[in-house]
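Peer 1:
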Amino acid sequence: MPQDSQRISSGVGPETIPAKHDRQNDKPEKDSGDQGTLGEREADVKGDLEFRKGADEMPELKDDLLLQDDEQISLDFNVPQEVMEYARRVLGETDEVKCQTLQELRDMIYEEHPEIHQQLNPTEMRYIGDDDIITVPPYRTQCGRRLLIYRIGNWKPSKYPVEELFKATISVLELGILEPRAQILGGIVIFDLKDITMAHAWTVTPQVATMMLSLMVTAFPIKIHELHIIHQSWIFDTIFTVFKPLLDTNMRNRIFFHGGDYKSLHKHVLPEYLPKMYGGVRDELPYYKWIEALIRDPKIVEQMSKMGYVVTNEILESFSQK
Numbered sequence: 001m002p003q004d005s006q007r008i009s010s011g012v013g014p015e016t017i018p019a020k021h022d023r024q025n026d027k028p029e030k031d032s033g034d035q036g037t038l039g040e041r042e043a044d045v046k047g048d049l050e051f052r053k054g055a056d057e058m059p060e061l062k063d064d065l066l067l068q069d070d071e072q073i074s075l076d077f078n079v080p081q082e083v084m085e086y087a088r089r090v091l092g093e094t095d096e097v098k099c100q101t102l103q104e105l106r107d108m109i110y111e112e113h114p115e116i117h118q119q120l121n122p123t124e125m126r127y128i129g130d131d132d133i134i135t136v137p138p139y140r141t142q143c144g145r146r147l148l149i150y151r152i153g154n155w156k157p158s159k160y161p162v163e164e165l166f167k168a169t170i171s172v173l174e175l176g177i178l179e180p181r182a183q184i185l186g187g188i189v190i191f192d193l194k195d196i197t198m199a200h201a202w203t204v205t206p207q208v209a210t211m212m213l214s215l216m217v218t219a220f221p222i223k224i225h226e227l228h229i230i231h232q233s234w235i236f237d238t239i240f241t242v243f244k245p246l247l248d249t250n251m252r253n254r255i256f257f258h259g260g261d262y263k264s265l266h267k268h269v270l271p272e273y274l275p276k277m278y279g280g281v282r283d284e285l286p287y288y289k290w291i292e293a294l295i296r297d298p299k300i301v302e303q304m305s306k307m308g309y310v311v312t313n314e315i316l317e318s319f320s321q322k
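Residue 111 in full-length UniProt numbering sits at position 111 of the sequence shown, with consecutive numbering throughout.
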């Protein structure tokens, strides 16, 4: 098993949605804490906050832009000017390209995995949030990216199958790409493997592993720039043996292992943008708070309906009563 504070030399992440270049041949961008090859260099968070030249050219997000709308349970439809410039210059984004690419991506996801797109209703999947398996903080990282946290040890496979987690993930990310900034900048994922058991390991068949990697690498609606794994144990070795042969060099460069070393995690995501349980300063947000807030927004509900989500009469009636 990879040691704490290390990453396997390659990464996880598809190209950003609006990008016109080849997803498979994309070179990993230098995100916060890029260590080069395994254990070669210490992360340089400061460098990630500067405007960088080269393949990434990720613009610096000023403090006022980072903290604007901080900790608000809502989707942000505004985009800082420098982020828009980044999208045009580096990703080749235009409104026409964006709309076409998003639709092509949704069609591809549905074609490859129709079983996780049938009768999607985020309000009915609240039990996954109640079990604290998937959470999205109401704030962004220092790079302006959304953070998606999985606490797999809280999932009981006997309660509902792994396909339900896929459905919940798709729901979260489909809602996330309604934010233009998320389309451009992508996101960061943390897998907290505390309390995982062999019951979890048995669910990860080659078919499930292939589906998971397909979603994360080629079919995720949002580019995953970094995937951080914490609290891994010997059971993770069992699971990882299924995944490892499927990982190419590009995918491995974006997977980081930290064990229980939160200081290692902080080289990538600063404590100011992490929950307290990971050595950060932020409070947790219950999953249902997001759902309650989003379904009160007619614009978001309209988009959910267009994407094929089940919009109940109860939700629609809530608007007519306002």
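Don't be surprised by glycine CBs; every beta carbon is placed ideally from N, CA and C.
Do you know whose CA, among Leu-193, Glu-164 and Glu-179, lies nearest Leu-227's CA?
Peer 2: Reading the sequence shown from its first residue, position 227 is the one you call residue 227. When each option's Cα is compared against that of Leu-227, the closest is Leu-193.
Peer 1: Helix, strand or coil for Gly-33? Go by DSSP, reduced to three states.
Peer 2: Here the question's residue 33 lines up with position 33 in the sequence shown. Reliability fails at Gly-33, whose pLDDT of 36 lies under 50, so the model's placement of it is uncertain and no value is given.
Peer 1: What is the rounded straight-line gap between the Cα of Ile-291 and the Cα of Pro-137?
Peer 2: Residue numbering aside, residue 291 sits at position 291 when the sequence shown is read from its first letter. Residue numbering aside, residue 137 sits at position 137 when the sequence shown is read from its first letter. Each residue's Cα considered, the two are about 13 Å apart.
Peer 1: Among Asp-261, Lys-223, Phe-191 and Ile-295, whose alpha-carbon lies nearest the alpha-carbon of Phe-236?
Peer 2: Start at 1 with the first residue of the sequence shown, and residue 236 comes out as number 236. Here the closest residue by C-alpha is Phe-191.
Peer 1: If we count the other Cβ atoms within 10 Å of its Cβ and call it buried at 16 or more, is Glu-174 buried or exposed?
Peer 2: Residue mapping note: residue 174 aligns to position 174 of the sequence shown, counting from 1. Per the 10 Å Cβ criterion, buried.
Peer 1: So, for His-200: in the same chain, excluding its five sequence neighbours on each side, which residues have a beta-carbon less than 8 Å away from its beta-carbon?
Peer 2: Translated into the one-based positions of the sequence shown, residue 200 becomes position 200. Same-chain partners within the cutoff: Ile-152, Gly-153, Trp-155, Pro-157, Ile-235 and Ile-239.
Peer 1: Rounding to the nearest angstrom, what Cα-Cα distance links Asp-261 and Pro-180 in this structure?
Peer 2: Walking along the sequence shown from the start, residue 261 turns up at place 261. Walking along the sequence shown from the start, residue 180 turns up at place 180. Going by the C-alpha atoms only, they are around 33 Å apart.
Peer 1: I need the straight-line Cα distance from Glu-29 to Phe-256, nearest angstrom please.
Peer 2: Indexing the sequence shown from 1 puts residue 29 at position 29. Indexing the sequence shown from 1 puts residue 256 at position 256. Below a pLDDT of 50, predicted positions are generally treated as unreliable, and Glu-29, at 38, falls in that range; no measurement from the model is reported.
Peer 1: For Met-304 and Ala-293, what's the separation of their Cα atoms in angstroms?
Peer 2: Locating residue 304 in the sequence shown gives position 304, counting from the first residue. Locating residue 293 in the sequence shown gives position 293, counting from the first residue. Cα-Cα distance, rounded: 14 Å.
Peer 1: What number of angstroms, rounded off, separates the C-alpha of Leu-247 from the C-alpha of Arg-282?
Peer 2: Within the sequence shown, the letter at position 247 stands for residue 247. Within the sequence shown, the letter at position 282 stands for residue 282. Taking the straight line joining both Cα atoms gives about 33 Å.
Peer 1: Would His-231 and Gly-186 be called neighbours here (beta carbons separated by less than 9 Å)?
Peer 2: For the purposes of this step, residue 231 is taken as the residue at position 231 of the sequence shown. For the purposes of this step, residue 186 is taken as the residue at position 186 of the sequence shown. For His-231 and Gly-186, no; Cβs fall outside 9 Å.
Peer 1: Could you have a look at His-225 and say whether DSSP puts it in helix, strand or coil?
Peer 2: Position 225 of the sequence shown, counting from 1, holds the residue named residue 225. Of the three classes helix, strand and coil, the one that applies to His-225 here is strand, per DSSP.
Peer 1: Using a 10 Å radius around the Cβ and a threshold of 16 neighbouring Cβ atoms, would you call Lys-263 buried or exposed?
Peer 2: As a working mapping, residue 263 is identified with position 263 in the sequence shown. When all chains shown are included, Lys-263 counts as exposed.
Peer 1: Could you check what DSSP says for Gly-186 in three-state terms: helix, strand or coil?
Peer 2: Looking up residue 186 in the sequence shown gives position 186. Of the three classes helix, strand and coil, the one that applies to Gly-186 here is coil, per DSSP.
Peer 1: Quick check on the burial criterion: 16 or more other C-beta atoms within 10 angstroms. Buried or exposed for Thr-205?
Peer 2: The residue labelled residue 205 in the question sits at position 205 within the sequence shown. By the 10 Å Cβ count, Thr-205 comes out exposed.
Peer 1: Of all Cβ atoms in chain C, is any one closer than 9 Å to the Cβ of Trp-234?
Peer 2: Any reference to chain C falls outside this structure, which holds one protein chain only.
Peer 1: Whose C-beta lies closer than 8 Å to the C-beta of Gly-279 among residues of the same chain, with five residues either side of it excluded?
Peer 2: For this step, residue 279 is matched to residue 279 along the sequence shown. Excluding residues within five positions, the ones whose Cβ falls inside 8 Å are Tyr-262, Lys-263, Leu-265, His-266 and Pro-271.
Peer 1: Here's the rule: buried if 16 or more other CB atoms are within 10 angstroms of the residue's CB, otherwise exposed. What is Thr-169?
Peer 2: Within the sequence shown, numbered from 1, the residue matching residue 169 stands at position 169. Burial call: buried.
Peer 1: Pick helix, strand or coil for His-266, following the three-state DSSP scheme.
Peer 2: Residue mapping note: residue 266 aligns to position 266 of the sequence shown, counting from 1. His-266 falls in the helix class under three-state DSSP.
Peer 1: Looking only at C-alpha atoms, which of Lys-306, Tyr-139, Met-212 and Pro-298 sits nearest to Phe-243?
Peer 2: Your numbering for residue 243 matches position 243 in the sequence shown. Measuring from the Cα of Phe-243, the nearest candidate turns out to be Met-212.
Peer 1: Looking at the strands, I want to know which residues DSSP matches up with Thr-205.
Peer 2: Looking up residue 205 in the sequence shown gives position 205. None; Thr-205 has no bridge partner.
Peer 1: If you reduce the DSSP assignment to three classes, tell me which class Ala-43 lands in.
Peer 2: Locating residue 43 in the sequence shown gives position 43, where the first residue counts as 1. Any answer about Ala-43 is weak, because its pLDDT of 36 lies below 50 and its placement is not dependable; what the coordinates show is given next. Ala-43 falls in the coil class under three-state DSSP.
Peer 1: In the structure shown, what three-state DSSP assignment does Ile-196 receive?
Peer 2: Position 196 of the sequence shown, counted from the start, is the residue given in the question as residue 196. The answer is coil: DSSP assigns Ile-196 none of H, G, I, E or B.
Peer 1: On the premise that Thr-141 lies in contact with Leu-147, defined as a C-beta separation below 8 Å, what is that separation, rounded to the nearest angstrom?
Peer 2: Taking the sequence shown and counting its residues from 1, the one referred to as residue 147 is at position 147. Taking the sequence shown and counting its residues from 1, the one referred to as residue 141 is at position 141. 6 Å between Cβ atoms; contact.
Peer 1: Note down, in chain order, each residue of its chain lying with its Cβ closer than 7 Å to the Cβ of residue 330, except the 5 sequence neighbours on either side.
Peer 2: With the chain covering only 1 through 322, there is no way to say anything about residue 330.
Peer 1: Under 6 Å Cβ to Cβ from Lys-306, same chain only, skipping five residues before and after it: list those, please.
Peer 2: Start at 1 with the first residue of the sequence shown, and residue 306 comes out as number 306. Cβ neighbours of Lys-306 beyond the five flanking positions: none.
Peer 1: Measure the alpha-carbon distance for Thr-203 versus Leu-165 and round it to whole angstroms.
Peer 2: Residue numbering aside, residue 203 sits at position 203 when the sequence shown is read from its first letter. Residue numbering aside, residue 165 sits at position 165 when the sequence shown is read from its first letter. Looking at the two C-alpha atoms, the distance is approximately 12 Å.
Peer 1: If you draw a straight line from the C-alpha of Met-251 to the C-alpha of Tyr-139, how long is it?
Peer 2: The count along the sequence shown starts at 1 and reaches residue 251 at position 251. The count along the sequence shown starts at 1 and reaches residue 139 at position 139. If you take the alpha carbons of Met-251 and Tyr-139, they lie about 26 Å apart.
Peer 1: Rounding to the nearest angstrom, what Cα-Cα distance links Glu-302 and Ile-184 in this structure?
Peer 2: Taking the sequence shown and counting its residues from 1, the one referred to as residue 302 is at position 302. Taking the sequence shown and counting its residues from 1, the one referred to as residue 184 is at position 184. Near 22 Å, if we compare the C-alpha coordinates of Ile-184 and Glu-302.
Peer 1: Do you know whose CA, among Met-277, Tyr-288 and Ile-128, lies nearest Pro-161's CA?
Peer 2: By one-based count along the sequence shown, residue 161 stands at place 161. It is Ile-128.
Peer 1: For Gln-207, which of Ile-177, Ala-182 and Glu-163 has the nearest alpha-carbon?
Peer 2: Your numbering for residue 207 matches position 207 in the sequence shown. Looking at the Cα atoms, Glu-163 is the closest of the given residues.
Peer 1: Give the secondary structure of Tyr-139 by DSSP, where H, G and I count as helix, E and B as strand, and everything else as coil.
Peer 2: Counted from its first residue, the sequence shown places residue 139 at position 139. Looking at Tyr-139 - three-state DSSP - the assignment turns out to be coil, as it is neither helix nor strand.
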